[in-house]
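One structure is given below, encoded as structure tokens.
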Amino acid sequence: MQNIKLHDDSRHRFVLLNESEPGEEDGIRSNQYLIMHDDAGVLLDPGGFGVMPKVLAEMLHYLSPSQIQGIFLSHQDPDIVGGLTTWLELTSCPVYVSRIWMRFLPHYGFTDMSHFIGVPDQGMSWEPTSDFKLHIIPAHFLHSEGQINVYDPVSRILFSGDIGAAMMPMEKDDPYVDDFAAHLPYIEGFHRRYMCSNRAIRCWLETIANLDIDIIAPQHGPVYRGAAVTEFLAWLKDLQCGVDIMQSGGRFPQQFL
Ligand SMILES: [Fe+2]
Ligand SMILES: [Fe+2]
11 MQNIKLHDDS RHRFVLLNES EPGEEDGIRS NQYLIMHDDA GVLLDPGGFG
61 VMPKVLAEML HYLSPSQIQG IFLSHQDPDI VGGLTTWLEL TSCPVYVSRI
111 WMRFLPHYGF TDMSHFIGVP DQGMSWEPTS DFKLHIIPAH FLHSEGQINV
161 YDPVSRILFS GDIGAAMMPM EKDDPYVDDF AAHLPYIEGF HRRYMCSNRA
211 IRCWLETIAN LDIDIIAPQH GPVYRGAAVT EFLAWLKDLQ CGVDIMQSGG
261 RFPQQFL
């Protein structure tokens, strides 16, 4: 799938750049996003080592590495951070990540941590340029203990990291979820196993309750738009997952044991 513009007006774009190739992570493809405001760009979850050249090639259609004003990491997983040492050879921009992963990230081979900014647990505002503002939203324990989201008020897109992530068959690569009921089989097992608890979900739902959201863009699988946004959030609200299932003596879906 080539890059898809989720939002595109004269000054502001939100672009889904690429998905990883089959064979990586047992075929679980990942999304990388570029937000552009005038000449400034921000990369969200730029991806693992294997996809970096493809993501760079797609990004070069829009801007050069010197125009990247920041890189955002929703959490610490290798399919997000694995390509970052190479990105930091091309740009010296700041990298935003939950503060709890600052001690852990040097294990990826970063020798200079001065680029990294530890996001506090409550989140923060982020102004890549003077008239380009993003909101970093806490989404902890869903699944990572230090997961953060990005809300873009211009496009009204919430980048949700692993929340809403889908494990799609290789032959399916529609960019959007338009029929939530048909999409459910691709998200249910993952969310039951990987999301820590319904209490963590309820905290996140309270945090995002006042945001005006047109699209939820996860790190894996198609993005939610229209009625699928509300239907997904309503499904999530009552989901029993993680320790809820362990405490009730339930079993996780076989494929995620
Ligand atoms: Fe993850
Ligand atoms: Fe992920």
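When you read off a place in the sequence shown, starting at 1, and then add 10, the result is the number in this note's numbering.
Glycine included, C-beta positions come from ideal geometry on N, C-alpha and C.
Keep in mind it's a predicted model, so treat the numbers as computed, not measured.
Glutamine 229 has its Cβ nearer than 6 Å to a heavy atom of ligand 2. Of the other Cβ atoms in all chains shown, fewer than 16 fall within 10 Å of the Cβ of histidine 117; this residue is therefore exposed. Inclusion of aspartate 172 in the 6 Å shell around ligand 1 follows from its C-beta lying nearer than that to a non-hydrogen atom of the ligand. For glutamate 155, no alpha helix (DSSP H) segment is defined, and its DSSP state is neither H nor E. The beta-carbon distance between proline 232 and tyrosine 186, rounded to whole angstroms, is 5 Å. This is short enough to meet the 8 Å contact definition. If the five residues before and after leucine 73 are omitted, its C-beta is found closer than 6 Å to the C-beta atoms of Gly51, all from its own chain and listed in chain order.
With 16 or more neighbouring CB atoms inside 10 Å of its own CB, arginine 39 falls in the buried class.
Asparagine 159 sits close to alanine 149, with the two beta carbons spaced by under 7 Å. Relative to the non-hydrogen atoms of ligand 1, the Cβ of aspartate 55 never comes closer than 6 Å to any of them.
For the options Gly60, Val61, Gln77, Ile167, the alpha carbon positioned closest to that of isoleucine 226 is the one of Ile167. Taking a contact to require three or more Cβ pairs closer than 8 Å, the region 189-196 and the region 138-155 do not qualify as touching. Every beta strand (DSSP E) of 3 residues or more that sits fully in the region 40-113 is shown, in chain order, as 41-47, 50-54, 78-82, 105-108. A straight-line Cα-Cα distance of about 14 Å links methionine 123 and isoleucine 81. Short of 8 Å from the beta carbon of leucine 215, and not among the five residues preceding or following it, lie these beta carbons of its own chain, in chain order: Leu243, Leu246, Lys247. The C-alpha of glycine 259 is placed about 31 Å away from the C-alpha of serine 84. By alpha-carbon distance to serine 165, the top candidate from Arg21, Asn13, Gln12 is Arg21. Between ligand 1 and the CB of aspartate 189, the shortest heavy atom gap is not smaller than 6 Å. Distance between aspartate 189 and leucine 100, taken at the CA atoms: about 40 Å. For aspartate 19, the Cβ stays outside the 6 Å cut-off from all heavy atoms of ligand 1. The Cβ-Cβ distance between aspartate 172 and serine 207 does not fall below 7 Å.
Taking all protein chains shown into account, glycine 119 has fewer than 16 neighbouring C-beta atoms within 10 Å of its C-beta and is therefore exposed. Residue Phe24 holds the alpha-carbon nearest to the alpha-carbon of histidine 47 among Phe24, Asn41, Val105, Leu66. Per DSSP, methionine 134 is not a residue of any alpha helix (DSSP H); the beta strand (DSSP E) it occupies stretches across 134-139.
For valine 239, the enclosing alpha helix (DSSP H) covers residues 237-247.
Counting along the chain, leucine 144 sits inside the beta strand (DSSP E) bounded by residues 142-148. Distances from the alpha-carbon of proline 63 to those of Asp49, Gln42, Gln79 put Gln42 closest.
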